[in-house]
Ligand SMILES: Cc1cc2nc3c(=O)[nH]c(=O)nc-3n(C[C@H](O)[C@H](O)[C@H](O)COP(=O)(O)OP(=O)(O)OC[C@H]3O[C@@H](n4cnc5c(N)ncnc54)[C@H](O)[C@@H]3O)c2cc1C
Ligand SMILES: Cc1cc2nc3c(=O)[nH]c(=O)nc-3n(C[C@H](O)[C@H](O)[C@H](O)COP(=O)(O)OP(=O)(O)OC[C@H]3O[C@@H](n4cnc5c(N)ncnc54)[C@H](O)[C@@H]3O)c2cc1C
Ligand code: SF4
Ligand code: SF4
Ligand code: FES
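Here it is in C-alpha cells:
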C-alpha cells in the first residue's frame, strides 16, 4: 500500500460539525469579530475559556479566547487580531455565510470567580475582548467592577459601550492620549489602586509584556493578579506539551492547567522566548501568502491584501 | 493437511519481506515494510504446525485463532481467513503492522523454539490489506435496539467498542477532540509504519456499520460524562481518551526553544502534515542535529521522522541498554539501518542554552546496570565523572506519558493515584453505565491491548444493558436459521 496523504475529508453534516459564521464586525483594519453558530458550546462556555479554530483543512490549529457567548442565539463570539498568515487569511475568507473547518472547545479551566467585592479587569489591545466575559460575570456576582482598557490610539478603541454597561468605573488608556488618559494600562491600574485601597483582585489579559507590567504594577501592594497566558498551542487537550509555561518553578500546560495563572508567579521571560519559537516560519508563511494574494490580484480576482 | 507438519518438514527460513532501501526511504514517508505478496504469504503459511494446543493464541492479547486463519490463508480462502481474524480483532491491517509480535504471539510460537517463529503479524497484515483493497466488510444482520451509546475518543479502544456496540444494534456516536478520528494511529504512528490511508479505511468500515463520528468535540468541556447520561440520552458511555500528557525531562533547560515532546513533533508532522509546510500552515522547525531521549516506540518514531525531515545527525539517548529498550525490535532495527546513532546507557543531565533561549548542546552521563528494580529490569546507575556533551539544536523527549486530566477535572469518576480511571473487572467505572478502557485505564500500552479493552468494555456494556449475543453461542452451526457469521443480537430487556 503506497503512502499518500490521507484523503479523508468527510463533512459530517451533524449538529456539532458545522461552524457557520453568522455575524462579522470589523473594529479596525486589523481587528475583527466573528460570531459563530454553535448552540452546544454557547451553553457550555464560561469566562476565561478558549477554542481552537481551523479555518480550512490545511490550516493551522489556532487558539482564540471566547470573547462572548450568547446562550439564546446559540453563538460564540471571537475577536481576532490579524497578525500572521492564519489570522490575515481568516480576515479575508471568514465572511457571514461561510463556515469554519473546525472549532473545538470550550478549552481550559474557566476563570475562578472569587468572592472578591471589588475588582479591576484589565484588557490590553486584543485582551479587551477576552476580559469582557469575566468582567460581566463579576458584575453578575455583585462585585464593584473597574475596567481598565488600553489601546494604541482612539481608532483602535472597541467595545467601550459594552464595558460601560457592566463596569462601575471605566478607565480608557491610549498611548497617544487620543482617547481617555494618556498612558499604558499600568497607569490606569495605578490610578484605580490609589483611589480604591480595598481592591481585592486584578485580572489582566493582553500581550505578554502588558500582563507582565500589570503584575509588576500590583506586586508592591500584593493584590492578587490573575493573567491569561497565550503560549503557542497545537492540540489544546494536554497532549503535546507545546503550551508549557513556568509558574513558580513548576511546569504547567496552559491548555489544561490554565490558561489563567497567578501573574506574580509566572515566568514571563520564558513565555516570551518560547513565543518566538516559530518566528522564521511564521514570517515565511505570511510573506508567501501575501505574495500569492498579490498574484491573484493581478489575475483580476477580488481578494485584496491589506498593506 | 495431507501429512502432519513437523519442525523439520517446514521451510526452515522465515519468508523474507520486501523493504524499501534504507538510504532511499530515510528521505521519504513511504511505508518501509512492503508486506507479503500472495505467493509469499502462502509460502509462510506452510511454516505453521497447526499445534493442537497453539501457544500463539495465548500470546495474543485478544486470542485470535491464529492457526485457524493461517489454515484458511494456506487454502487461499482469504475471505475466510479474514472472517476468522475479525472474529476477535477488528483492525488486522493495523495490528499486523504495529503489534510488538516478538513479545506476544510470535514470542511464544512453537516454531520459535528451534527456528524463527511463524511471521504471524505479516500474515495478518496481508489479510487485512486484502480486505481493504477488496472492501470486505462483515456487515452482520443487525437487529436494531433502542440504545444510544456514546464513545469518547476515537483511538483503537474507542473504535473497537464502537464497532461491537454497532453490531449489537445500538446507535453509536464517537466523539473526538481532534478534527480527524483515529487517535494515536493517526497523530502518533507515522505513515512509514502505518499509512493514514489504512486508518481511513478502518474508520470507513466503522461508518459502514452505522457508527457516527463527531470530531472537534472535547468531551468534559463541551459536555460532561454526567451530561451524556442525564441530558444527551446515552444509555451507556465508553471512555477511551488515551494517556497523552507527556512527561517532562525535569532537568535544567527543558523549556528552552528547540526542546519539544515527541507528541508535539509527531502531531505536527502526521496530523497537521507540517512536513509539507509552507503548503500547509502548520510549521515544524527542523533541527540539523537532533537528539531524542527514550527508546520506546514513540522515540523510534521521533528519530525516524526527524531523519526523514532532513536532519543530518539523529541520535538516541537511553539510560538502559538495547536489550531493555521497550520499542518493537523491528523498529530499532529499522532505525539502525537508517543511520540513527544510539547512545545506550546514557542519561541526559542538562540542556545547554546558546544564550538566546535555544538549545546548543546536551550534557549526558554514562550509566551502568546495577541491581534489578521493581520492574525486574536492572536499574541504571550513573558512572561518576563520565559526563559528555552532544551538540544539538533540537531535543525531543519521548520518556512516557501520564493520564490526560480533562475527564478527571470535569467528572466525579474515581481515579487511581496516578490519575488513570478506575474500573472493575468488566471495565465499568465508578459511575453506572460508564465504561473505560485503553491507555486511560492502564497507562501507555499497545494498540492491540487498547482494542481488546474496547471489546471487553463492549461485552460489559451489553451485559449491563441486557443485550444478549446469540450468534456467538456456536461457531459451527446455524442458529434460528441464521448463519453464525451474522451476529444476531436479541434484546431481552427493554430500555
Ligand atoms: C489561550 C489563547 C487565547 C488567545 N486568544 C486570542 C484572541 O482572542 N484573539 C486573537 O487574535 N488571538 C488570540 N490568541 C493568539 C492567537 O492564537 C495567535 O495570534 C494566532 O495563533 C496567530 O496565528 P497566525 O498564523 O495568524 O500568526 P503567526 O504567523 O503564526 O504569528 C504571528 C505572531 O503571533 C504570535 N503567535 C503565533 N501563535 C501564537 C499563539 N498560539 N499564541 C500567541 N501568540 C502567537 C507569534 O509569536 C508571532 O509574533 C490566543 C492565544 C492563546 C494561546
Ligand atoms: C508515537 C507512538 C507510537 C506507538 N507505537 C506503537 C506500536 O508500534 N505498537 C503498539 O502496539 N502500540 C504503539 N503505541 C501505543 C498505542 O498507540 C496506544 O497504546 C494506543 O493507541 C492506545 O489507544 P487508546 O484508544 O487508549 O487511546 P489513543 O489512541 O490515545 O486515542 C485517544 C483519543 O481520544 C481523544 N481524546 C482525548 N481526550 C478527549 C476528550 N476529552 N474528548 C474527546 N476526545 C478525546 C484523543 O484526541 C485521541 O484521539 C504507540 C504510541 C505512540 C504515541
Ligand atoms: S493481534 Fe497482534 S498479538 Fe494478536 S495475533 Fe495479531 S499481531 Fe499477534
Ligand atoms: S504456535 Fe506457531 S506453529 Fe503453533 S499454531 Fe501457533 S503459529 Fe502455528
Ligand atoms: S496545546 Fe498541546 S498540551 Fe497544551
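Chains as they are written, first to last, in my numbering: chain A, 283 to 589; chain B, 65 to 559. Every residue gets a Cβ at the ideal spot worked out from N, C-alpha and C, and that includes glycine. Source: prediction; values computed, not measured.
- The Cβ-Cβ distance between residue 495 of chain B and residue 215 of chain B does not fall below 9 angstroms.
- Residue pairing from DSSP places residue 407 of chain B in a beta bridge opposite B/381.
- Residue 521 of chain A has a beta carbon lying within less than 9 angstroms of a beta carbon in chain B.
- Residue 229 of chain B places its beta carbon 9 angstroms or farther from that of residue 277 of chain B.
- Between residue 559 of chain A and chain B, the shortest Cβ-Cβ separation is below 9 angstroms.
- Under the criterion of beta carbons closer than 8 angstroms, residue 359 of chain B and residue 380 of chain B qualify as touching, at roughly 6 angstroms.
- Per DSSP, the continuous alpha helix (DSSP H) segment holding residue 397 of chain B begins and ends at 393 to 401.
- Residue state for residue 489 of chain B is assigned as coil, using DSSP reduced to three classes.
- Chain A has a Cβ within less than 9 angstroms of the Cβ of residue 308 of chain B.
- Judged by the Cβ position, residue 120 of chain B qualifies as a neighbour of ligand 3 at the 8 angstroms threshold, a heavy atom of the ligand being closer than this.
- With fewer than three CB-CB distances shorter than 8 angstroms, the region 437 to 447 of chain A does not count as touching the region 508 to 522 of chain A.
- Scanning its chain for C-beta atoms nearer than 6 angstroms, with the 5 sequence neighbours on each side dropped, one finds around residue 129 of chain B the residues 148, in chain order.
- Of all C-beta pairs linking the region 486 to 501 of chain A to the region 537 to 551 of chain A, three or more are shorter than 8 angstroms, placing the two stretches in contact.
- Against residue 328 of chain B, the close residues of chain A are 516, 522, 523 and 524, in the order they occur along the chain (beta-carbon pairs closer than 8 angstroms).
- Membership of residue 160 of chain B in the alpha helix (DSSP H) is indicated by the continuous run 156 to 162.
- Between the beta-carbon of residue 392 of chain A and that of residue 350 of chain A there is about 14 angstroms, and that puts the pair past the 8 angstroms contact cut.
- Taking 9 angstroms as the cut-off, the beta carbon of residue 281 of chain B is found closer than this to the beta carbon of residue 386 of chain A.
- In this structure, DSSP gives residue 510 of chain A an extended state, which the three-state scheme calls strand.
- Here DSSP, grouped into helix, strand and coil, assigns residue 469 of chain A to helix.
- Between residue 157 of chain B and residue 122 of chain B, the C-beta spacing is not below 9 angstroms.
- Using a cutoff of 8 angstroms, the CB of residue 555 of chain A does not count as near ligand 1, since none of the ligand's heavy atoms is closer than that.
- Going by beta carbons, residue 185 of chain B and residue 170 of chain B fall inside the 9 angstroms limit.
- No residue range can be given for residue 312 of chain B, since it is assigned to no beta strand (DSSP E) and is classified by DSSP as neither H nor E.
- Listed along chain B is no residue with a C-beta nearer than 7 angstroms to that of residue 422 of chain A; the closest approach is about 21 angstroms.
- The three-state reading of DSSP puts residue 497 of chain A in helix, counting H, G and I together.
- DSSP places residue 382 of chain A within a strand segment (E or B) once states are collapsed to three.
- Along the region 273 to 294 of chain B, going in chain order, the ones with a CB nearer than 8 angstroms to a CB of chain A are 276, 277, 278, 279, 280, 281, 282, 285, 286 and 287.
- Nearest in C-alpha terms to residue 312 of chain A, of all of A/549, A/530 and A/437, is A/437.
- Taking the beta carbon of residue 368 of chain A as reference, the chain B residues within 9 angstroms of it are 345, listed in sequence order.
- Judged by beta-carbon spacing, residue 386 of chain B lies beyond the 9 angstroms limit of residue 378 of chain B, meaning their Cβ atoms are not closer than that value.
- Under the three-state reduction of DSSP output, residue 429 of chain B falls in the strand class.
- Closest option to residue 484 of chain B, judged by alpha-carbon separation, among B/507, B/475 and B/490: B/507.
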